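Enquirer:
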Ligand code: HAM
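Residue numbers (this note's numbering): 182 to 609.
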């Protein structure tokens, strides 16, 4: 006899979404799509695998993602490929490749799994789902405000607006960042004894990221660090001020977080994050910013871009703390069939019902069993009604209809009347 094999398990940090949970994902996805379409955004579907070079050139060589988190492997022909750790790079690559940025603006969204080899913990996974938005061809700050308004509307529609806070900052132009970088490095060198190992490593390669350190021992020093906002040029400052004024005028509250620098290198000017303190350490549910410079960096003509991505698992975790997740039952109606004639006639009747009432969720009991066991399954399905077919009913071309949720006499109806009754119930 063959030895029993040990059961395999999913990869750490990569999770199955089980049938009992998929309705809440679908609900969230539907809410998001509704808002996106209300603002005229179009879907773009992108490959999950791209050339490794794309991510190195866009996210930046000296970032956590590129240095240690990418799932990279050699294709059979030797090309280095990577499972996308985020969607911005691939989206821009596709737009450049297909000429979508020629003399036109774009408002796009994408949805799907992203992959990062991070240390898994609550809210941080190795495969996670992002819904991302990217816009092109608009210099802002009106479009900057629009994408923030869009997210604000989504939180309201989901009923989680009171749990999240908007943080904004401006990273200025690359020239402004370069001169600020020198000022910052000088400051850090004056406090070099306070820098931890990670920060020392970043001092030359990516000093702005030191501002993002969560190390408690460094917080007092970081709080005194020079602030990029006070080193912005006139144009960057005007951009930021107009964004703030637009948000003020519409009544969207925000915090200016001068240490918000983001973990990807492509940003300039506006950056923002929606954060919550209800999810522990992984409190950012949505983040993004402007990345005009990346377009030329990837071989395009000078242009404008801003976008964001939201972490679906984190939003669901917030939603699970509310009772806003309106979950639908699997079935509206459950058909119970007992006896050989009923089994044969039931399938046909079910097809007639589905023809007659598109949209009705009808589950037919398929693995036999007693009346009692079938009733149990009908109840568990969440159905409002059970159709009961026995051989006697089939002989008379009738079926019994029983409410599973409210006190009501069971009725026996000819097939045609059954169709009409269910139709009436379903459409009212
Ligand atoms: P990001 O900040 O790396 O930005 O990720 C955006 C969001 O994805 C995070 O705020 C978080 O909600 C979620 N997320 C990231 N990593 C994980 C993880 N390991 N597990 C669970 N959720 C995670 C970007 O990816 C940019 N592409 C956003 C963007 C679009 N910027 C401009 N356009």
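For every residue, glycine included, the Cβ atom is placed at its ideal position computed from N, Cα and C.
All figures in this text were calculated on a predicted structure; none of them were measured in a lab.
Between 242, 345 and 546, which has its C-alpha nearest residue 464's C-alpha?
Expert: Numbered from 1 along the chain shown, position 283 holds the residue referred to as residue 464. Here the closest residue by C-alpha is 345.
Enquirer: Is any heavy atom of ligand 1 found at a distance shorter than 7 Å from the C-beta of residue 492?
Expert: Your numbering for residue 492 matches position 311 in the chain shown. True, at least one ligand heavy atom lies under 7 Å from that Cβ.
Enquirer: With distance defined between alpha-carbon atoms, name the residue in 232, 299 and 510 nearest to residue 258.
Expert: Counting from one through the chain shown, the residue named residue 258 turns up at place 77. For residue 258, the nearest C-alpha among the options comes from 232.
Enquirer: DSSP state of residue 590, grouped into three classes?
Expert: The sequence position of residue 590 within the chain shown is 409, counting from 1. If DSSP states are grouped into helix, strand and coil, residue 590 belongs with coil.
Enquirer: Report yes if the C-beta distance between residue 545 and residue 531 is below 8 Å; otherwise report no.
Expert: If you number the chain shown from 1, residue 545 lands on position 364. If you number the chain shown from 1, residue 531 lands on position 350. Yes, these two residues count as a Cβ contact at 8 Å.
Enquirer: Is it the case that the Cβ atoms of residue 321 and residue 420 are separated by a distance below 8 Å?
Expert: On the chain shown, position 140 is the one that residue 321 refers to. On the chain shown, position 239 is the one that residue 420 refers to. Contact flag set, yes.
Enquirer: Are the CB atoms of residue 293 and residue 229 within a distance shorter than 8 Å?
Expert: The residue you call residue 229 lines up with position 48 of the chain shown. The residue you call residue 293 lines up with position 112 of the chain shown. Yes; because the gap between Cβ atoms is below 8 Å, this pair is in contact.
Enquirer: Within the present structure, is the beta-carbon of residue 276 separated from the nearest heavy atom of ligand 1 by less than 7 Å?
Expert: The residue you call residue 276 lines up with position 95 of the chain shown. No.
Enquirer: Does the distance between the C-beta of residue 467 and the nearest non-hydrogen atom of ligand 1 fall short of 7 Å?
Expert: The sequence position of residue 467 within the chain shown is 286, counting from 1. Yes, ligand 1 has a heavy atom inside 7 Å of this Cβ.
Enquirer: Is the beta carbon of residue 383 within less than 7 Å of some heavy atom of ligand 1?
Expert: For the purposes of this step, residue 383 is identified with residue 202 of the chain shown, where counting begins at 1. The beta carbon of residue 383 sits no closer than 7 Å to any heavy atom of ligand 1.
Enquirer: What does the alpha-carbon distance come out to for the pair residue 253 and residue 570?
Expert: Counting from 1 along the chain shown, the entry for residue 253 is found at position 72. Counting from 1 along the chain shown, the entry for residue 570 is found at position 389. Answer to the nearest angstrom: the Cα atoms are 57 Å apart.
Enquirer: Under a Cβ-count criterion, where at least 16 other Cβ atoms within 10 Å of its own Cβ denotes burial, should residue 547 be classed as buried or exposed?
Expert: For this step, residue 547 is matched to residue 366 along the chain shown. Per the 10 Å Cβ criterion, exposed.
Enquirer: Look at the Cβ atom of residue 297, then the Cβ atom of residue 192, and state whether they are nearer than 8 Å.
Expert: As a working note, residue 297 is residue 116 in the chain shown. As a working note, residue 192 is residue 11 in the chain shown. Contact flag unset, no.
Enquirer: Using a Cβ-Cβ cut-off of 6 Å (strictly less than) and excluding sequence neighbours within five positions of residue 256, which residues of its own chain qualify?
Expert: Looking up residue 256 in the chain shown gives position 75. Only 262 meet the Cβ criterion.
Enquirer: How far does the alpha helix (DSSP H) with residue 271 in it extend, from its first residue to its last?
Expert: As a first step, residue 271 is located in the chain shown; it is residue number 90 there, counting from the start. Where residue 271 is concerned, the enclosing alpha helix (DSSP H) stretches over 269-278.
Enquirer: Can you look up residue 363 in the DSSP assignment and give me helix, strand or coil?
Expert: Position 182 of the chain shown, counting from 1, holds the residue named residue 363. Three-state DSSP puts residue 363 in a helix.
Enquirer: Kindly give me the distance between the Cβ atoms of residue 357 and residue 412, rounded to whole angstroms, as I take these residues to be in contact under 8 Å.
Expert: Here residue 357 refers to the residue found at position 176 when the chain shown is read from its first residue. Here residue 412 refers to the residue found at position 231 when the chain shown is read from its first residue. At roughly 6 Å, the Cβ-Cβ gap stays under 8 Å, so residue 357 and residue 412 are in contact.
Enquirer: Going by DSSP, which residues form a beta bridge with residue 255?
Expert: In the chain shown, residue 255 corresponds to position 74, counting from 1. The partner list for residue 255 (beta bridge, DSSP) reads 261.
Enquirer: What I want to know is whether the C-beta of residue 358 ends up closer than 7 Å to one or more non-hydrogen atoms of ligand 1.
Expert: On the chain shown, residue 358 is found 177 positions in, with the first residue counted as 1. Checking every heavy atom of ligand 1 against the Cβ of residue 358, none is found closer than 7 Å.
Enquirer: Alpha carbon to alpha carbon, what distance is there between residue 401 and residue 365?
Expert: Position 184 of the chain shown, counted from the first residue, corresponds to residue 365. Position 220 of the chain shown, counted from the first residue, corresponds to residue 401. Between residue 365 and residue 401, the C-alpha separation is close to 15 Å.
Enquirer: Output the boundary residues of the alpha helix (DSSP H) element that contains residue 198.
Expert: In the chain shown, the residue the question calls residue 198 occupies position 17. Where residue 198 is concerned, there is no enclosing alpha helix (DSSP H), given that its DSSP letter is neither H nor E.
Enquirer: Measuring alpha carbon to alpha carbon, tell me which residue in 533, 404 and 386 is nearest residue 392.
Expert: Here residue 392 corresponds to residue number 211 of the chain shown, with the count starting at 1. Of the candidates 533, 404 and 386, the one whose C-alpha sits nearest the C-alpha of residue 392 is 404.
Enquirer: Would you call the CB atoms of residue 488 and residue 332 closer than 8 Å?
Expert: Indexing the chain shown from 1 puts residue 488 at position 307. Indexing the chain shown from 1 puts residue 332 at position 151. Their beta carbons are not under 8 Å apart, which means residue 488 does not touch residue 332 by this criterion.
Enquirer: Identify every residue that forms a DSSP beta bridge with residue 472.
Expert: Numbered from its first residue, the chain shown carries residue 472 at position 291. None, per the DSSP bridge assignment.
Enquirer: List in chain order: all unbroken alpha helix (DSSP H) runs of 4+ residues lying wholly within the stretch 322-399.
Expert: 323-339, 355-371 and 378-386
Enquirer: On the DSSP bridge assignment, give the partners of residue 310 in chain order.
Expert: For the purposes of this step, residue 310 is taken as residue 129 along the chain shown, with counting starting at 1. Per DSSP, 294.
Enquirer: Below 6 Å CB to CB, which residues in the same chain sit around residue 541 once its five sequence neighbours on both sides are set aside?
Expert: Numbered from its first residue, the chain shown carries residue 541 at position 360. Taken in chain order, the residues that qualify are 513 and 607.
Enquirer: Is the stretch 266-286 close to the stretch 474-481, with three or more CB pairs under 8 Å?
Expert: The stretch 266-286 is in contact with the stretch 474-481.
Enquirer: Hey, is residue 361 close to ligand 1, as in C-beta under 7 Å from one of its heavy atoms?
Expert: Along the chain shown, read from residue 1 onward, the residue named residue 361 stands at position 180. No, since every heavy atom of ligand 1 falls outside the 7 Å radius drawn around the Cβ of residue 361.
Enquirer: To the nearest angstrom, report how far apart residue 410 and residue 389 are at their CA atoms.
Expert: Here the question's residue 410 lines up with position 229 in the chain shown. Here the question's residue 389 lines up with position 208 in the chain shown. In a straight line, the C-alpha of residue 410 is about 13 Å away from that of residue 389.
Enquirer: The alpha helix (DSSP H) with residue 534 in it runs from where to where?
Expert: The count along the chain shown starts at 1 and reaches residue 534 at position 353. Segment 521-537, the alpha helix (DSSP H) holding residue 534.
Enquirer: How should residue 414 be labelled, buried or exposed, when 16 other C-beta atoms within 10 angstroms of its C-beta is the threshold for buried?
Expert: Reading the chain shown from its first residue, position 233 is the one you call residue 414. Flag for residue 414 reads exposed.
Enquirer: If you draw a straight line from the C-alpha of residue 381 to the C-alpha of residue 340, how long is it?
Expert: Stepping through the chain shown from its first residue, residue 381 is reached at position 200. Stepping through the chain shown from its first residue, residue 340 is reached at position 159. Taking the straight line joining both Cα atoms gives about 43 Å.
Enquirer: Using a threshold of 7 Å, is the CB atom of residue 612 nearer than that to any non-hydrogen atom of ligand 1?
Expert: Coverage of the chain is limited to positions 182 through 609, which leaves residue 612 absent and any answer about it impossible.
Enquirer: Using 10 angstroms around the beta-carbon of residue 351, count the other beta-carbons present and answer buried if the total reaches 16, otherwise exposed.
Expert: Position 170 of the chain shown, counting from 1, holds the residue named residue 351. Buried.
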